[in-house]
Amino acid sequence: MKKSLRILAMTLALSAAASMAGCSGSPSSSVSPNPSSSSPSPASNVNSSSQAPVESAGPNKVTMLNNFYATDPPKTDSVIFERISQHTNTELEITWVPYAAYNEKFNALLAAGDLPQIVLNNEGKKAGIINAVRSGMFWEIGPEIQNYPNLSQLNSKVFDTLAVDGKVYALFRQRVLARNGYIIRKDWLDKLGLEMPKTIDEVYKVAEAFTTMDPDGNGIADTFGVAESSNFQVREVSVWCGSQTGNFMKDGKMYPEFFHDGYLAALDFYRNLYANDYINKDFPVVKQRGDNINNGKAGIYFGVIDDVNTKFNDLYKLNPEAELDVMQPLYTPDGIPVVRATSGYNGLFYFSKTSIPDEAQLQVCLRFMDQLGDDEICDLINFGIEGDHYTVKDGKAIRTPEQISAFNVLQNDISQISPFGSMRKHLVGGDVTPIAEKVETLFAQNEQYAITDIGAPFLSDTAIKMGDELNQIYKDAQVKYVLGEIDLDGWNQAKEEWLKAGGDKVIEEYTQQYSEFNK
Amino acid sequence: MKIKRHPGEILFDCINYLFLFLFAVITLFPFLNIIACSFATTQEILTNPLMLFPKEITLETYKYIFSTPTLVRSLGNSVFITLAGTAVNIAMTTIMAYPLAHKNLIGRKYLMLGITFTMLFGGGMIPSYLLVKSLHLLDSYWALVLPGAIGTFNLILVKNSFQQLPDSLEESAKIDGANDLFIFSKIVLPLSLPTLATFTLFYAVGHWNSFMQPLLYINDSTKWPVQVLLRQIVMLSQGGLGDSEMLDPSVVLPAQTIKMASIVVSTTPILLVYPFLQKYFVKGVLVGSIKG
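These protein sequences, in sequence, are chains V and L.
Using my numbering, the first residue of the first sequence is number 803, and each one after it goes up by one.
Using my numbering, the first residue of the second sequence is number 128, and each one after it goes up by one.
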């Protein structure tokens, strides 16, 4: 009896110790705003900042958490990384995480208080990251940006949209604003003697012609107009129908876009396509809408127009005669040229307080990010090393196919570390295809027509908390509406349901912030 | 003597066979389709995605996925993790289950209580991460092996199966002068081969499929198992990225054929384990152990 009691006591003591070890670690390191108090354990030396003073001669250590899209992460011991380290006088240490699982890893490290200095976050305005920002886990960098020559050139309007409670905590990886449009089979248009459609009504007529007039000339009715997938582009089409991007003002209130008449017009557009078979009937379960372009069955593809450079190589293999063209902007029924704007960025860089102990180290990190925008680094990221991977001729980078493939092996998503991405160019490529050049020109030309989201700078607590559930309500309804399972009443009912489930609060919160902002 | 069967019975059997055959075909179809697609050209997948046999067989995809060391390396990692992990699992589980199977073990009730407790209340992801980190196991294969060395539920099942062995067997061995270790290794384990085979399979499949733990605990990409790679390939080739407008324009997504071939290559090894363990499932538990 005595013995069994002793064993019981031991078991209890062990389990108590284990559970305490498990619990005590997380709150102290994840909530604590004071970095010096967190994780004194020796294991943290991997991620904690070096104690090297900023002005010392040796390289400063910069650690980063980032994602990659390839099957293998970029090699941090490659000659390109060596050059970056040299140029920025840093010792780079990057934790690469596959894109497919990035958010899981990020959230684990965030909760464990184990984030490196510079961390990428892909979740926009989800609860987890906003709460972390509000609890003081990241440095506010807004006022610092103007001190850096390259960072200060980033679009300040995009910075405005990143603010949390009026303060900017993050850098962003910039992307093209006017990126949306459509891609179309030019050879089909030519064969049928049609023009590039400029309005949504004209697009509809072309979709009809592509379905009924046998554009591939094989005598079989096996083609259709629009290639779509479960993630169908109704939001983009709605802007062409006169709606706004994201949110719009009506009667002094800020409504989400799907309350707009133009949005309904876009749904009607899809509903008619579906009823007349001008679209692939299985679109709600299709994952890659590009497949139906690639196999030569469909002729119109809504989306980002630079997809034309990368996504349709299989089409040319199957049919060397095929020719694609891009269109941007389209004209609303009122004759206004419009492009649905993107957010202007992909992923945000936050600066973690747990591993950046003081302002001095923050400066090191910011200076590193700034230097990634220097001409040398831009060329390095875009084209590799001069002499090895390209030669300069008339201000253009000229490359042989061997040099391109040698560089591709090395670069492997290297642009992911830079806020400037491939958008900031010093040299331009000498081997650009005509269509790629057209895309670039359109991007620059049409930025003025980009309709940006007026609600982007604001945060709705209700939307942060339950935005996904709320949106599911109207997303389910819009698919049903397109498939003809519900009519206009059903769609209006879904909007009512959205309001009742908490949407009215979202509108209220956005409206309030909007009116304060525009005072 | 032959029993004459009623025509109704024969009809019933026929329908039964037909139904089961169709069921088997439905289950097999995705496998065959994936294998066929992995040998097909991209163009053929686009025109005929539901093929069972490609018109034109090409090895290009396999050449491509084996052209970089990534897949082979991660397969090697997976094999190593599975072998080492399963060995540790089986050793730890049986060693712990054996004493617990004895009713005269002191404090057995409380030990069992402690074990069951962990089934109801787990540490969760973050405390586990902190634990692994403080044990300096980050970036080490041990992080994938040690924290889950004993599956609680499996432990209880193994314990129960040990309890099924007749006490007299052990008593007779004791009388012959065998000690506990000898009885455990020479009598109990050999008699429990079917049980061990079952749990080897459970543990091995678990290790082979484990994705979250390597992702969390291993930062060094050269140590990643094949599931991390596979998920990346499958997600990207399906365009499971949400808005493509967020994607960097320079990113090229992997082709369907590459996805299919990667699935084949990463699933085949663990499928091959099944037939070898199969024979243990069929054998009786106590064949010939006690006479009389």
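By construction, the Cβ of each residue, glycine as well, lies at the ideal position given by its N, Cα and C atoms.
**Study point:** Segment contact, 8 Å Cβ cut-off, at least three pairs: the segment 1118-1133 of chain V with the segment 166-179 of chain L
**Key:** yes
**Study point:** 9 Å Cβ cutoff met for leucine 328/L and tyrosine 401/L
**Key:** In the second sequence, counting from the first residue as 1, residue 328/L sits at position 201. In the second sequence, counting from the first residue as 1, residue 401/L sits at position 274. Against a cut-off of 9 Å, the Cβ pair of tyrosine 401/L and leucine 328/L comes out as a contact.
Review point. When you compare only the Cα positions, how much space is there between asparagine 281/L and phenylalanine 326/L?
Key: As a working note, residue 281/L is residue 154 in the second sequence. As a working note, residue 326/L is residue 199 in the second sequence. Near 7 Å, if we compare the C-alpha coordinates of phenylalanine 326/L and asparagine 281/L.
Exercise for review: Tell me, please, whether the CB atom of threonine 1254/V is closer than 9 Å to any CB atom in chain L?
Suggested key: Here residue 1254/V refers to the residue found at position 452 when the first sequence is read from its first residue. So no, threonine 1254/V is outside the interface.
Check your understanding: If the cut is a Cβ gap below 9 Å, which residues of chain V does glutamine 359/L touch?
Key -> One-based indexing of the second sequence puts residue 359/L at position 232. By Cβ distance, chain V contributes Phe870, Tyr871, Ala872, Thr873, Pro900, Tyr901, Ala902 and Ala903.
Check your understanding: By DSSP, does isoleucine 397/L sit in helix, in strand, or in coil?
Key -> The count along the second sequence starts at 1 and reaches residue 397/L at position 270. If DSSP states are grouped into helix, strand and coil, isoleucine 397/L belongs with the helices.
Check your understanding: Mind pulling the chain V residues with CB within less than 8 Å of serine 348/L?
Key -> Residue 348/L sits at position 221 when you count from the first residue of the second sequence. The contacting residues are Asp874, Pro875 and Trp898.
Practice item. Starting from the beta carbon of alanine 910/V, find every residue of chain L whose beta carbon is closer than 8 Å, and list them in chain order. Key: Taking the first sequence and counting its residues from 1, the one referred to as residue 910/V is at position 108. Ordered by position in chain L, the residues that pass the 8 Å Cβ test against alanine 910/V are Met252, Ile253, Tyr256 and Leu343.
Exercise for review: Please confirm whether alanine 1068/V and serine 1040/V have their CB atoms less than 9 Å apart.
Suggested key: Sequence index remark: in the first sequence, residue 1068/V carries index 266 (1-based). Sequence index remark: in the first sequence, residue 1040/V carries index 238 (1-based). Yes, the Cβ-Cβ distance between alanine 1068/V and serine 1040/V is below 9 Å.
Point to revise | Start-to-end residues for the beta strand (DSSP E) that takes in arginine 1091/V | key: Residue numbering aside, residue 1091/V sits at position 289 when the first sequence is read from its first letter. Element bounds for arginine 1091/V: n/a, residue is neither H nor E.
Review point. Who pairs with valine 1106/V in a beta bridge, going by DSSP?
Key: Taking the first residue of the first sequence as position 1, residue 1106/V is located at position 304. BP columns for valine 1106/V point to Asn982/V.
**Study point:** For leucine 1127/V, the first and last residue of its enclosing alpha helix (DSSP H)
**Key:** As a working note, residue 1127/V is residue 325 in the first sequence. For the record, residue 1127/V in the displayed sequence is aspartate; it is not leucine. That residue, aspartate 1127/V, is in no alpha helix (DSSP H); its beta strand (DSSP E) goes 1126-1129.
Practice item. Measure from the alpha carbon of cysteine 1043/V to the alpha carbon of each residue in Glu1004/V, Tyr1283/V, Thr1112/V and Lys1083/V, then state which is nearest. Key: Here residue 1043/V is taken as the residue at index 241 of the first sequence, counted from 1. Comparing Cα-Cα distances from cysteine 1043/V to each of Glu1004/V, Tyr1283/V, Thr1112/V and Lys1083/V, the minimum goes to Glu1004/V.
Practice item. Note down, in chain order, every chain V residue with its Cβ under 8 Å from the Cβ of glutamine 290/L. Key: For the purposes of this step, residue 290/L is taken as residue 163 along the second sequence, with counting starting at 1. Result: empty, since nearest Cβ-Cβ is about 20 Å, beyond 8 Å.
Exercise for review: Mind reading off the beta-carbon distance from leucine 101/L to tyrosine 344/L? Whole number of angstroms is fine, and I expect it under 8 Å.
Suggested key: Nothing about residue 101/L can be read from this structure; chain L reaches only from 128 to 419.
Practice item. Give a yes or no on whether the C-beta atoms belonging to tyrosine 1006/V and phenylalanine 1104/V are separated by under 9 Å. Key: In the first sequence, counting from the first residue as 1, residue 1006/V sits at position 204. In the first sequence, counting from the first residue as 1, residue 1104/V sits at position 302. For tyrosine 1006/V and phenylalanine 1104/V, no; Cβs fall outside 9 Å.
Check your understanding: Using the beta-carbon of each residue, which ones in chain L are nearer than 8 Å to lysine 1277/V?
Key -> On the first sequence, position 475 is the one that residue 1277/V refers to. Under the 8 Å cutoff, chain L gives no residues; its nearest Cβ is about 13 Å from lysine 1277/V.
Point to revise | Alpha-carbon spacing of aspartate 303/L relative to isoleucine 310/L, whole angstroms | key: Residue numbering aside, residue 303/L sits at position 176 when the second sequence is read from its first letter. Residue numbering aside, residue 310/L sits at position 183 when the second sequence is read from its first letter. Each residue's alpha carbon lies about 11 Å from the other.
Review point. Got a sec: does the ligand HEM put a non-hydrogen atom nearer than 8 Å to the Cβ of isoleucine 931/V?
Key: This structure lacks the ligand HEM, and indeed carries no ligand of any kind.
Check your understanding: Among the residues of its own chain, which have a CB less than 7 Å from the CB of threonine 1397/V, if the five just before and after it don't count?
Key -> This structure does not reach residue 1397/V, given that chain V is present from 803 up to 1321, and the question cannot be answered.
Review point. Under 9 Å between C-beta atoms, does leucine 202/L make it to chain V?
Key: Stepping through the second sequence from its first residue, residue 202/L is reached at position 75. So, not an interface residue.
Check your understanding: Taking the continuous alpha helix (DSSP H) assigned at phenylalanine 1170/V, which residues delimit it?
Key -> The residue given as residue 1170/V occupies position 368 in the first sequence. Where phenylalanine 1170/V is concerned, the enclosing alpha helix (DSSP H) stretches over 1161-1173.
Point to revise | Beta-bridge partners of glutamate 1057/V, as assigned by DSSP | key: For this step, residue 1057/V is matched to residue 255 along the first sequence. It should be pointed out that residue 1057/V corresponds to tyrosine in this sequence rather than to glutamate. The partner list for tyrosine 1057/V (beta bridge, DSSP) reads Phe1050/V.
Practice item. Determine which residues of the segment 296-318 of chain L have a Cβ less than 9 Å from any Cβ of chain V, and write them out in chain order. Key: none
Review point. Residues of chain V with CB under 8 Å from leucine 363/L, in chain order?
Key: One-based indexing of the second sequence puts residue 363/L at position 236. Residues of chain V passing the Cβ test: Tyr871, Tyr901 and Ala902.
Exercise for review: For methionine 998/V, I'd like the list of residues in its chain whose CB is within less than 6 Å of its CB, leaving aside the five on either flank, ordered along the chain.
Suggested key: Translated into positions along the first sequence, residue 998/V becomes position 196. Hits under 6 Å: Met1129.
Practice item. Check the Cβ-Cβ distances between threonine 195/L and every residue of chain V, and say whether any is below 9 Å. Key: To locate residue 195/L, count along the second sequence from 1; it is residue 68. Chain V, which has a Cβ nearer than 9 Å to the Cβ of threonine 195/L, makes this yes.
Point to revise | Option nearest leucine 973/V by Cα separation, candidates Asn1082/V, Phe1319/V and Phe940/V | key: In the first sequence, counting from the first residue as 1, residue 973/V sits at position 171. If we check each option's Cα against that of leucine 973/V, Phe940/V comes out closest.
Review point. Are any of the Cβ atoms in chain L nearer than 9 Å to that of leucine 1174/V?
Key: As a first step, residue 1174/V must be located in the first sequence, where it is residue number 372. Answer no: the Cβ-Cβ gap between leucine 1174/V and chain L never drops below 9 Å.
Review point. By the criterion of Cβ-Cβ separation under 8 Å, what are the contact partners of glutamine 340/L in chain V?
Key: Looking up residue 340/L in the second sequence gives position 213. By Cβ distance, chain V contributes nothing, its closest Cβ being about 11 Å from glutamine 340/L, past 8 Å.
Practice item. Check whether the Cβ of valine 355/L lies closer than 9 Å to any Cβ atom in chain V. Key: Here residue 355/L is taken as the residue at index 228 of the second sequence, counted from 1. It does; some Cβ of chain V falls within 9 Å.
**Study point:** Which residues DSSP lists as bridging methionine 866/V, in chain order
**Key:** Along the first sequence, read from residue 1 onward, the residue named residue 866/V stands at position 64. BP columns for methionine 866/V point to Ile896/V and Ile920/V.
Review point. Which residue's Cα is closest to the Cα of isoleucine 1237/V: Glu1125/V, Ile1158/V, Asp1053/V and Asp992/V?
Key: Here residue 1237/V is taken as the residue at index 435 of the first sequence, counted from 1. Closest by alpha carbon: Glu1125/V.
Exercise for review: Kindly indicate if chain L contains any beta-carbon less than 9 Å away from that of leucine 994/V.
Suggested key: Translated into positions along the first sequence, residue 994/V becomes position 192. Closer than 9 Å: no.
Review point. Using a Cβ-Cβ distance under 9 Å, would leucine 173/L count as near chain V?
Key: Within the second sequence, the letter at position 46 stands for residue 173/L. At least one chain V Cβ lies under 9 Å of leucine 173/L.
Check your understanding: Are the segment 214-231 of chain L and the segment 346-353 of chain L touching by the rule of at least three beta carbon pairs closer than 8 Å?
Key -> no
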